[in-house]
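Asker: I have a structure here, written as structure tokens, and I will follow up with some questions on it.
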Amino acid sequence: MSFRYFEVTGHAAVYNKFRHSPPEHLIAKIVNYVKEKVPPPLGTAVDVGCGGGQSTLVLSPHFQHVVGVDPSAAQIEAARKRNTAANVSFRVGGAEQTGLEERSAQLVAASQACHWFHLPRFYAEAGRVLAPSGVLAMYGYTLPLPTHPGAPCLGDVVEKYYKEVLCDYVPPESKNVYLGRYTDEEFYKIPFIEEPLVRDESTFVEFPGSVADVVGYVSTWSAFQNYRKQEGDKKSCEILQSFEKELTDALGGQNAPEDVSLKIRYNYFLIMGRKSTKM
Ligand SMILES: C[S@@+](CC[C@H](N)C(=O)[O-])C[C@H]1O[C@@H](n2cnc3c(N)ncnc32)[C@H](O)[C@@H]1O
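So the mapping is simple: my numbering equals the position in the sequence shown, first residue as 1, plus 279.
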């Protein structure tokens, strides 16, 4: 059996090959919100569930120090390779118990991650670690939307694989982000917030990419990783091959998956709240 999407082995390695950093304009919204009540220079930001440091990278120019925290040692190793700036550090740990000092951070950020946390315990920890007037920002993006002028239905193919082909392997946590966009009420029960929460869904980003990039991205889904664990490599290869074929056929079937130029759009959502000055 040979299939090129399996050439990068290990979930962390696959994840970090195909997942992007959040866009600068989303980070600017967060940083500007922090600055409304915290005078610069901004001290510490914590990126919980930092994975390969995708968000740590774009937060680092705005803070004196950024700490990335993730329970996966493989992700932390990838994050260290990606983030070499002197003001960035990483530690293996959970969002519910970061080991960071009380009232030490101006921002606690969670990018495409807090649907995996034990939310009440995470909120207790974020409330402990944030300084008064500090900000909790939770953000993420929905299913990737590949677009091409000659094929209006590529997004339907992605949805079909998430909602139908792999539906029995999709963890509920994944649905909270890709389908629910953190609208479930559990995301809003933050005990330490003094102002109304900010919700923003106006940010999106489009990257140039190919069919191969979309297939690679789908191979990072927890649903696909579950499928591969339960059903084995042969059947998982077949799923990716049929996904690739459906995309290629929708595009007219003329070119190799690497050679078709697409745009791949990611729609972001963001929830932000500020810790009370009295806590
Ligand atoms: C989808 S990845 C997001 C990585 C990165 N923040 C990004 O923007 O691409 C989710 C990350 O959350 C981490 N994670 C899962 N449970 C966690 C927990 N309880 N505390 C902190 N991180 C956790 C996983 O190890 C994984 O690296």
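In this text, a Cβ means the ideal position worked out from N, Cα and C, and glycines have one as well. Please read these numbers as outputs of a predicted model, since none were measured by experiment.
(1) Could you tell me the distance, in whole angstroms, from the CA atom of residue 525 to the CA atom of residue 404?
(2) Looking at the unbroken alpha helix (DSSP H) that takes in residue 520, where does it start and where does it end?
(3) Do residue 552 and residue 336 have their C-beta atoms within less than 7 Å of each other?
(4) When the Cβ atoms of the region 293-312 are set against those of the region 497-507, are three or more pairs found closer than 8 Å?
(5) Could you spell out where the beta strand (DSSP E) holding residue 385 opens and where it closes?
(6) Can you tell me whether residue 349 sits near ligand 1, meaning its C-beta is under 6 Å from at least one heavy atom of the ligand?
(7) Tell me whether residue 294 sits in a helix, a strand or coil according to DSSP, three-state version.
(8) Helix, strand or coil, according to DSSP, for residue 548 in the structure here?
(9) Tell me which same chain residues have a C-beta within less than 8 Å of the C-beta of residue 290, skipping the five on either side of it?
(10) Rounded to whole angstroms, what is the Cα-Cα separation between residue 280 and residue 293?
(11) Indicate, with yes or no, if ligand 1 has a heavy atom lying under 6 Å from the CB of residue 298.
(12) In terms of alpha-carbon separation, which member of 451, 513, 545 lies closest to residue 395?
(13) Going by the beta-carbon positions, is the gap between residue 421 and residue 546 smaller than 7 Å?
(14) Please identify the residue among 436, 542, 466 whose C-alpha is closest to the C-alpha of residue 519.
(15) How long is the line joining the alpha carbons of residue 554 and residue 389, rounded to whole angstroms?
(16) Less than 7 Å between C-beta atoms, sequence neighbours within five positions excluded: which residues of the same chain meet that for residue 506?
(17) Have a look at 386, 484, 431, 477 and flag the residue whose alpha-carbon is nearest the alpha-carbon of residue 322.
(18) Which residue wins for smallest C-alpha separation from residue 366, given the options 347, 478, 380?
(19) Provide the residue span of the alpha helix (DSSP H) that contains residue 304, from first to last.
Answerer: The answer reads as follows:
(1) Approximately 45 Å, taken between the alpha carbons.
(2) Judged by DSSP secondary structure, residue 520 falls within the alpha helix (DSSP H) whose first and last residues are 512-529.
(3) Taking the C-beta atoms as reference points, residue 336 is found no nearer than 7 Å to residue 552.
(4) With three or more CB-CB distances shorter than 8 Å, the region 293-312 counts as touching the region 497-507.
(5) Per DSSP, residue 385 belongs to the beta strand (DSSP E) from 384-390.
(6) Between ligand 1 and residue 349, a heavy atom-to-CB distance of less than 6 Å is present.
(7) In this structure, DSSP gives residue 294 a helical state, which the three-state scheme calls helix.
(8) In this structure, residue 548 counts as strand in the three-state DSSP scheme.
(9) The beta carbon of residue 290 sits closer than 8 Å to the beta carbons of 353, 499, 504 from its chain, once the five residues preceding and following it are set aside; these are given in chain order.
(10) Low per-residue confidence applies at residue 280: pLDDT is 45, beneath 50, and the placement is therefore not dependable enough to give any value.
(11) It does: the Cβ of residue 298 is within 6 Å (strictly closer) of some heavy atom of ligand 1.
(12) Each of 451, 513, 545 was checked against the Cα of residue 395, and the nearest Cα belongs to 451.
(13) Yes, the pair counts as a contact, with Cβ atoms nearer than the cut-off.
(14) Residue 436 is the option with its Cα nearest to residue 519.
(15) Looking at the two C-alpha atoms, the distance is approximately 16 Å.
(16) Cβ neighbours of residue 506 beyond the five flanking positions: 445, 448, 515, 518.
(17) Selected option, being the one with the closest Cα: 386.
(18) Looking at the Cα atoms, 347 is the closest of the given residues.
(19) Going by DSSP, residue 304 is part of the alpha helix (DSSP H) stretching over 303-314.
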